[in-house]
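Structure first, commentary second.
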Amino acid sequence: MQTTFAPGASALPYDVLFVVIDAARPDAIASLHDPTRDARVAAAKEPPLDAWLPRMPEVAPNLDALAGDGVAFSRAYSAATWTRPGTIAMLAGARSSEVGLESTRWVLPASEVARFYGARPSLLPLTMRARGAVTEALVDNYFLAGYARVGLDVGFDALTDHRYELEDTERLVADATRFLEENAKRRFCLFLNLNSPHAPYLPPAVDREAVLRAPNAPRDPRVVDYLAE
Numbered sequence: 007m008q009t010t011f012a013p014g015a016s017a018l019p020y021d022v023l024f025v026v027i028d029a030a031r032p033d034a035i036a037s038l039h040d041p042t043r044d045a046r047v048a049a050a051k052e053p054p055l056d057a058w059l060p061r062m063p064e065v066a067p068n069l070d071a072l073a074g075d076g077v078a079f080s081r082a083y084s085a086a087t088w089t090r091p092g093t094i095a096m097l098a099g100a101r102s103s104e105v106g107l108e109s110t111r112w113v114l115p116a117s118e119v120a121r122f123y124g125a126r127p128s129l130l131p132l133t134m135r136a137r138g139a140v141t142e143a144l145v146d147n148y149f150l151a152g153y154a155r156v157g158l159d160v161g162f163d164a165l166t167d168h169r170y171e172l173e174d175t176e177r178l179v180a181d182a183t184r185f186l187e188e189n190a191k192r193r194f195c196l197f198l199n200l201n202s203p204h205a206p207y208l209p210p211a212v213d214r215e216a217v218l219r220a221p222n223a224p225r226d227p228r229v230v231d232y233l234a235e
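Residue numbering for the sequence shown follows our numbering, starting at 7 and increasing by one per position.
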């Protein structure tokens, strides 16, 4: 039996735009700061310097505005310590090992990879595509689309990789805008993985200057570069 999913055939009541910012610390985002914790850090006998970042609205005003209009979670926990199993867990709603991928090895044996794909795990894009949505992933991450390209491609109609591009964020956002415009009348699931706050830190000068102008700018130049990214 063959099933064809045509444009506009989906009965889903919603679209999904899933944005991940790899290596973005919560204390880098002003709206995610906990005033009680900030006060405790400031009152410490030996403050942790730049180990705990101050509340800086200058860093991500658009994210702060988004948080103000939506729901922000002040506590979050990852199902893994690195990218691939952590991402699989987000898309599956279960630990990587629970959907068939061992989480400690970077390179998986062929038998495990074959078993994973053969089981057709219940990942978000696969579930939505089965109900008629168009799905796409736009990424810039070595562990999502590099040598360890295992798992993320399940359920996506297309996966675009912008690794090794200095202007990767600009290209990814342009691709995402194109996708949203082209699929405005269809149900869709778009997974967008941005990697700018991840090392190496090469921020545009204008963004670095914006961080340095903040009244409570950090002292460490690498922290400044990180926040500028």
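Don't be surprised by glycine CBs; every beta carbon is placed ideally from N, CA and C. Fair warning: this is a prediction, and the values are worked out from it, not measured in the lab.
DSSP state of residue i mapped onto helix, strand, coil
i	result
residue 142	strand
residue 223	coil
residue 149	helix
residue 43	helix
residue 35	coil
residue 16	coil
residue 10	Only weak support is given to the placement of residue 10: the predicted model assigns it a pLDDT of 45, under 50, and the question is left unresolved by the model.
Distance CB(residue i)-CB(residue j) smaller than 8 Å
i	j	result
residue 199	residue 146	yes
residue 106	residue 125	yes
residue 230	residue 212	no
residue 93	residue 165	no
residue 82	residue 37	no
residue 173	residue 202	no
residue 178	residue 168	yes
residue 194	residue 133	no
residue 87	residue 28	no
residue 16	residue 182	no
residue 69	residue 35	yes
residue 23	residue 208	no
Opening and closing residue of the beta strand (DSSP E) in which residue i lies
i	result
residue 27	22-27
residue 166	164-167
residue 198	194-200
Host alpha helix (DSSP H) of residue i (start-end)
i	result
residue 175	174-188
residue 68	67-75
residue 159	Unbroken run through residue 159: none, as it is neither H nor E.
residue 218	211-218
Cβ distance (whole Å) where residue i is taken to contact residue j below 8 Å
i	j	result
residue 225	residue 56	6 Å
residue 233	residue 65	5 Å
residue 129	residue 161	5 Å
residue 109	residue 102	4 Å
residue 222	residue 96	With 8 Å as the limit, residue 222 and residue 96 do not qualify as a contact, their Cβ atoms being about 32 Å apart.
Ranges of the beta strand (DSSP E) found wholly within the region 88-137, counting only runs of at least 3: none
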